[in-house]
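**Student:**
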Amino acid sequence: MTPEDVLSIKPKVLTQKQREFYFENGFILLEKFLPDSWVERLRSATEEMVDKSRSVTKSDDVWDVDKDHTRDNPRLRRLSSMNDHHPTFWDYAAAENSPLPDAIADLVGPDVKFHQSKLNFKWSQGGDEVKWHQDISFWPHTNYSPLTAGTYVYECNAEQGPLGVLPGSHNGPVVNQYNDKGQWVGCMRPEDVAKIDMNKVVYLEGPAGSITLHNCRTLHYSKANWSPAPRPLLLNVYSSADAMPYTYNPLKSRYYGAIVRGKPAREARHDPRPCLLPPDWSGGYTSIFAVQQEEDWKAGRPKAAAGGMM
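In this note's numbering, each residue carries its 1-based index in the sequence shown increased by 11.
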């Protein structure tokens, strides 16, 4: 559906002004959107997963751990596909009593499809930054309805590295996310970052239970977390049901492609604007932290080919 089509439908949980803001700016912050009951459930599930990580000794397809991670002092970067690892996360992402899928439907249309999920921890006292990038080139679709919903399980303040977005950038070009050697690094080149007017950047701080929603083309980043507290951020990616992925989804999930609101599409909608293709992810994938730090390239073991999809 086009933005005009979406706006013509009565919203479920957002106001019309909120929807118009999202389509104009490419993002929106919903402060304290979740009731305390959901916050408590999500905190409990997150803490359970942190405790489970104590037995993890190195990064794999599920866990991405910091180099200083230990049983006694867990330091996590990411839990991939968290919805597969605790029922509370999937309830939140899809259940009828969850307000999140209703908010998504207000922005992509009544038929909503789940794509992937991850729990980015950004641990305390030096948790990695996330460099400037666009999401869509990680998982291109036939149209640009996909969006990412971030949920702050705890308060996120300026010291913890909140999401920083560039308003209106979703209407600009799709940027290059390969380095000078033709290797995928999942972020903008330094010379392109230097052109960003940082005075226009909006930082989405918020209390626990706040939701950030940003379009797949919106330029965004977040600083390192130098505070004494971790910044766990639940990330769920959705699209309209008529958006079809072009490429392999490296974050395997039993829920991939699930319709969480409405009904499946009978036709695919194609946006004529081009999109950068990522590498062939079928060979494996670690996380955006590892990719942007070029850890695999530096180690001589790339997790994906440098070219496009085969």
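Just so it is clear, CB atoms sit at the ideal spot from N, CA and C, and this is done for glycine as well.
The structure displayed is predicted, hence computed values, not measured ones.
So for Thr-159, helix, strand or coil by DSSP?
**Tutor:** Thr-159 falls in the strand class under three-state DSSP.
**Student:** Sorted by chain position, which residues of the same chain lie with C-beta nearer than 6 Å to Lys-129's C-beta, five sequence neighbours on each side aside?
**Tutor:** Only Arg-89, Ser-91, Leu-246 meet the Cβ criterion.
**Student:** Please state whether the Cβ-Cβ distance between Val-123 and Arg-272 is less than 8 Å.
**Tutor:** Yes, the Cβ-Cβ distance between Val-123 and Arg-272 is below 8 Å.
**Student:** Starting from Leu-7, follow the beta strand (DSSP E) in both directions and report where the run begins and ends.
**Tutor:** Examination of residue 7 is not possible in this model, given that the chain is present from 12 through 321 alone.
**Student:** Check the C-beta distance from Asp-117 over to Val-50 and give it rounded, since I have them as a contact under 8 Å.
**Tutor:** The Cβ separation is near 21 Å, so there is no contact.
**Student:** Using 8 Å as the Cβ pair cut-off and three pairs as the minimum, do the segment 174 to 187 and the segment 212 to 224 touch?
**Tutor:** Short answer: they touch.
**Student:** Quick one: residues in its chain with C-beta nearer than 8 Å to the C-beta of Pro-14, no 5 flanking neighbours on either side, listed in chain order?
**Tutor:** Taken in chain order, the residues that qualify are Phe-34.
**Student:** Using a threshold of 8 Å, state whether the C-beta atoms of Ser-64 and Leu-87 are closer than that.
**Tutor:** Yes; because the gap between Cβ atoms is below 8 Å, this pair is in contact.
**Student:** By DSSP, does Trp-150 sit in helix, in strand, or in coil?
**Tutor:** Looking at Trp-150 - three-state DSSP - the assignment turns out to be coil, as it is neither helix nor strand.
**Student:** Just the C-alpha distance for His-144 and Leu-224, rounded to the nearest angstrom, thanks.
**Tutor:** Approximately 15 Å between the Cα atoms of the pair.
**Student:** For His-80, I'd like the list of residues in its chain whose CB is within less than 6 Å of its CB, leaving aside the five on either flank, ordered along the chain.
**Tutor:** For His-80, where only same-chain residues beyond five positions count, the Cβ hits under 6 Å are Arg-86.
**Student:** Gly-220 and Tyr-342 - do their beta-carbons sit closer together than 8 Å?
**Tutor:** Residue 342 lies beyond the range of the chain shown here (12 to 321); nothing can be said about it.
**Student:** Among Asp-113, Gln-171, Asn-154, which one has its Cα closest to the Cα of Pro-218?
**Tutor:** The residue with the shortest Cα to Cα distance from Pro-218 is Gln-171.
**Student:** State the DSSP-derived secondary structure class of His-5, mapped to helix, strand or coil.
**Tutor:** Absent from the model: residue 5. The displayed extent of the chain is 12 to 321, so no value can be given.
**Student:** Can you tell me where the alpha helix (DSSP H) with Ile-115 in it begins and where it stops?
**Tutor:** Taken as a continuous stretch (DSSP letters only), the alpha helix (DSSP H) holding Ile-115 covers 110 to 119.
**Student:** Can you tell me which of Asp-203, Cys-167, Gly-193, Asn-190 puts its alpha carbon nearest to the alpha carbon of Pro-184?
**Tutor:** Of Asp-203, Cys-167, Gly-193, Asn-190, the residue nearest in Cα terms is Asp-203.
**Student:** I'd like to know whether the C-beta atoms of Trp-101 and His-126 end up nearer to each other than 8 Å.
**Tutor:** No, the Cβ-Cβ distance between Trp-101 and His-126 is not below 8 Å.
**Student:** Taking the alpha carbon of Thr-159 as the point to measure from, which residue in Ile-222, Gly-120, Ser-233 has its own alpha carbon closest?
**Tutor:** Among Ile-222, Gly-120, Ser-233, the Cα nearest to that of Thr-159 belongs to Ile-222.
**Student:** Mapping DSSP to helix, strand and coil, what is Arg-265?
**Tutor:** Of the three classes helix, strand and coil, the one that applies to Arg-265 here is coil, per DSSP.
**Student:** When DSSP builds the beta bridges, which residues end up paired with Gln-127?
**Tutor:** For Gln-127, which the question treats as bridged, DSSP gives the partners Val-248.
**Student:** Going by DSSP, what residues sit across from His-231 in a beta bridge?
**Tutor:** According to DSSP, His-231 bridges with His-144, Val-176.
**Student:** Would you call the segment 222 to 242 and the segment 255 to 263 touching, i.e. three or more CB-CB distances under 8 Å?
**Tutor:** With the cut-off at 8 Å, the segment 222 to 242 and the segment 255 to 263 do not touch.
**Student:** Would you kindly check if the distance between the Cβ of Ser-233 and the Cβ of Glu-140 is under 8 Å?
**Tutor:** Yes. Within cutoff.
**Student:** Which residues does DSSP pair with Asp-75 in a beta bridge?
**Tutor:** DSSP output for Asp-75 lists Arg-89 as bridge partner(s).
**Student:** Give the range of the alpha helix (DSSP H) segment to which Leu-53 is assigned.
**Tutor:** Start and end: 47 to 63.
**Student:** Grouping DSSP H, G and I as helix and E and B as strand, with all else coil, what is Pro-256?
**Tutor:** DSSP places Pro-256 in strand when its eight states are reduced to three.
**Student:** What separation, rounded to the nearest whole angstrom, lies between the Cα atoms of Pro-239 and Ala-169?
**Tutor:** About 12 Å.
**Student:** So, are the CB atoms of Tyr-103 and Leu-53 less than 8 Å apart?
**Tutor:** Cβ atoms of Tyr-103 and Leu-53: closer than 8 Å.
**Student:** Span of the alpha helix (DSSP H) holding Arg-272?
**Tutor:** First-last for Arg-272: 270 to 272, but that is the beta strand (DSSP E), not the alpha helix (DSSP H).
**Student:** Rounding to the nearest angstrom, what Cα-Cα distance links Lys-314 and Leu-18 in this structure?
**Tutor:** With a pLDDT of only 48 at Lys-314, under the threshold of 50, the placement of this residue in the model should not be trusted, and no figure is reported.
**Student:** Just the Cα atoms here: how many angstroms apart are Val-76 and Pro-243?
**Tutor:** Their backbone Cα atoms lie some 13 Å apart in a straight line.
**Student:** Taking C-alpha atoms, which residue in Pro-285, Ala-252, His-96 lies nearest to Asp-279?
**Tutor:** It should be pointed out that residue 279 corresponds to Ala in this sequence rather than to Asp. Minimum Cα distance to Ala-279 is reached at Ala-252.
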